[in-house]
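Structure first, commentary second.
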Amino acid sequence: DAGITQSPRHKVTETGTPVTLRCHQTENHRYMYWYRQDPGHGLRLIHYSYGVKDTDKGEVSDGYSVSRSKTEDFLLTLESATSSQTSVYFCAISVPGARTNGYTFGSGTRLTVV
Amino acid sequence: SQQGEEDPQALSIQEGENATMNCSYKTSINNLQWYRQNSGRGLVHLILIRSNEREKHSGRLRVTLDTSKKSSSLLITASRAADTASYFCATDLNTGGFKTIFGAGTRLFVKA
Chain A
1 DAGITQSPRH
11 KVTETGTPVT
21 LRCHQTENHR
31 YMYWYRQDPG
41 HGLRLIHYSY
51 GVKDTDKGEV
61 SDGYSVSRSK
71 TEDFLLTLES
81 ATSSQTSVYF
91 CAISVPGART
101 NGYTFGSGTR
111 LTVV
Chain B
1001 SQQGEEDPQA
1011 LSIQEGENAT
1021 MNCSYKTSIN
1031 NLQWYRQNSG
1041 RGLVHLILIR
1051 SNEREKHSGR
1061 LRVTLDTSKK
1071 SSSLLITASR
1081 AADTASYFCA
1091 TDLNTGGFKT
1101 IFGAGTRLFV
1111 KA
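Heads up: the sequence lines are chains A and B, in that order. Position 27 of the first sequence, counting from 1, maps to 27 under the working numbering, and the rest follow consecutively. Convert by adding 1000 to the 1-based position in the second sequence; the result is the number in the working numbering.
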C-alpha cells in the first residue's frame, strides 16, 4: 500500500516474550493508528498518535505500548505477548476531522503467539 | 446492534448482478466510510459520505446515508469476480474527539 509499510509481515513468538511491530509512512501525516483485526470484531483501535511523542489509548490498549520518536515511524510493542494477542495488526494514517478522506492502511502483520 | 454493524454478514451473487450491503449505527456521526479488504491485505478506502450528504457515487459504487434511520447502504452495480472481498463500514463519531468505529464487515463472493 502506497505510503505506508509494516514490518514484519508475519511473526511467530512465544508467550511471555516482548514483540515490536513497526509502521513506517512517507506521507508526513500527523495521525497514525494501530488496529487489531479479529474474526467477528472488525477492527479495534489499540493506540493512536497525533504527533511526535503524542500518543493516546484506544479501546483495547491493555498489554500494548507505543512510541513515536519520528513523524514517519510508529512502533507497537507487546510487552509480554499472550495467546489472546494472536491477531492481525494494521497500521493506518489519516488526516482527521473535516478534511479527512478516510484512512490509508498498511498491509498488516500477522502475529501468532504460541 | 453495535455501532457500524453490517448486514448481511455474507453475500453470494453472480457476476453482473448488483450487490447491496447495509450498515446501521447508533450514535450521531460526522461521516461514514466504506472500505474493501481483499483476503490477506489491508483495508482500502472506497468512499466517504458526510452527515449532511444523502448520496454519493464513485464509478460502480453508490452509497446512501439516512441519518434519521442511522443507516447507510453500499451498492455495487454490475459486479465482477474481482469485487469478491470483505466490505466494512466505519463511522466517525460526532463526539468532539477521535472516535472511528469499524463494523465486522460483509463478505461478498461474486461467482464468475
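Glycine is no exception: its CB is placed at the ideal position from the N, C-alpha and C atoms.
Among the options, whose alpha-carbon lies nearest the alpha-carbon of residue i?
i          : options                                           : result
Asp-54/A   : Tyr-31/A, Asp-38/A, Gln-37/A and Gly-40/A         : Tyr-31/A
Tyr-1087/B : Gln-1037/B, Arg-1062/B and Ile-1029/B             : Gln-1037/B
Lys-1070/B : Gly-1105/B, Ala-1112/B and Ile-1029/B             : Ile-1029/B
Ser-1068/B : Glu-1017/B, Glu-1015/B, Thr-1020/B and Ser-1024/B : Ser-1024/B
Val-88/A   : Gly-3/A, Val-113/A, Pro-18/A and Thr-15/A         : Val-113/A
Leu-21/A   : Ser-65/A, Val-95/A and Thr-77/A                   : Thr-77/A
Asp-970/B  : Gly-1059/B, Leu-1108/B, Leu-1046/B and His-1045/B : Look at the range of chain B in this structure, 1001 to 1112, and you will see that residue 970/B is not part of it.
Thr-1064/B : Leu-1032/B, Thr-1106/B and Ala-1112/B             : Leu-1032/B
Gly-1105/B : Ala-1081/B, Leu-1074/B and Ser-1079/B             : Leu-1074/B
Tyr-50/A   : Lys-11/A, Ser-65/A and Val-95/A                   : Val-95/A
Ser-80/A   : Gly-63/A, Thr-26/A and Cys-91/A                   : Gly-63/A
Lys-1111/B : Asn-1018/B, Asp-1092/B, Arg-1054/B and Thr-1027/B : Asn-1018/B
Gly-40/A   : Ser-1058/B, Asp-1066/B and Glu-1006/B             : Glu-1006/B
Asp-38/A   : Tyr-48/A, Ser-83/A and Asn-28/A                   : Ser-83/A
His-19/A   : Leu-75/A, Gly-58/A, Ile-46/A and Tyr-48/A         : Here the sequence assigns Val to residue 19/A, which means His is not the residue at that position. Cα-wise, what sits closest to Val-19/A is Leu-75/A.
Gly-1103/B : Gly-108/A, Ser-65/A, Arg-36/A and Thr-109/A       : Arg-36/A
Of all the CB atoms in chain B, is at least one closer than 7 Å to the CB of residue i?
i         : result
Ser-87/A  : no
Gly-108/A : yes
Phe-90/A  : yes
Gly-51/A  : no
Phe-74/A  : no
Gly-63/A  : no
Ser-102/A : First, the residue type needs correcting, since residue 102/A is Gly and not Ser in the sequence shown. Answer yes: the Cβ-Cβ gap between Gly-102/A and chain B drops below 7 Å somewhere.
Val-12/A  : no
At a Cβ threshold of 7 Å, is residue i touching chain A?
i          : result
Ala-1104/B : yes
Leu-1048/B : yes
Gly-1016/B : no
Gly-1059/B : no
Arg-1041/B : yes
Gln-1009/B : no
Flag residue i as yes when its Cβ comes closer than 6 Å to any non-hydrogen atom of the ligand HEM, and as no otherwise.
i          : result
Trp-1034/B : Although the ligand HEM was asked about, the structure shown includes no ligands whatsoever.
*Enumerate, from N- to C-terminal direction, the unbroken beta strand (DSSP E) stretches of 3 or more residues contained entirely within the region 1015 to 1068 of chain B.*
List check, beta strand (DSSP E) in window: 1019 to 1024, 1029 to 1037, 1043 to 1050, 1055 to 1058 and 1061 to 1066.
*Touch test, the region 5 to 13 of chain A against the region 43 to 60 of chain A, Cβ-Cβ under 8 Å, three pairs minimum*: Taking 8 Å as the limit for Cβ pairs, the verdict is that the region 43 to 60 of chain A does not touch the region 5 to 13 of chain A.
*Name the residues in the region 19 to 46 of chain A whose C-beta lies less than 9 Å from a C-beta of chain B; which are they?*
Of all residues in the region 19 to 46 of chain A, only Tyr-31, Tyr-33, Tyr-35, Gln-37, Pro-39, Gly-40, His-41, Gly-42, Leu-43, Arg-44 and Leu-45 place a beta-carbon less than 9 Å from a beta-carbon of chain B.
*Can you find at least 3 beta carbon pairs, one from the region 57 to 76 of chain A and one from the region 1004 to 1016 of chain B, that sit closer than 8 Å?*
They do not touch, by the three-pair rule.
*Go through the region 11 to 40 of chain A residue by residue and report every complete run of the alpha helix (DSSP H) that reaches 4 residues or more, in order.*
Under the rule that a run must span 4 or more residues, no alpha helix (DSSP H) segment is found entirely inside the region 11 to 40 of chain A.
*Taking a cut of 9 Å between CB atoms, which residues from the region 1073 to 1088 of chain B lie near chain A?*
Correct list: Phe-1088.
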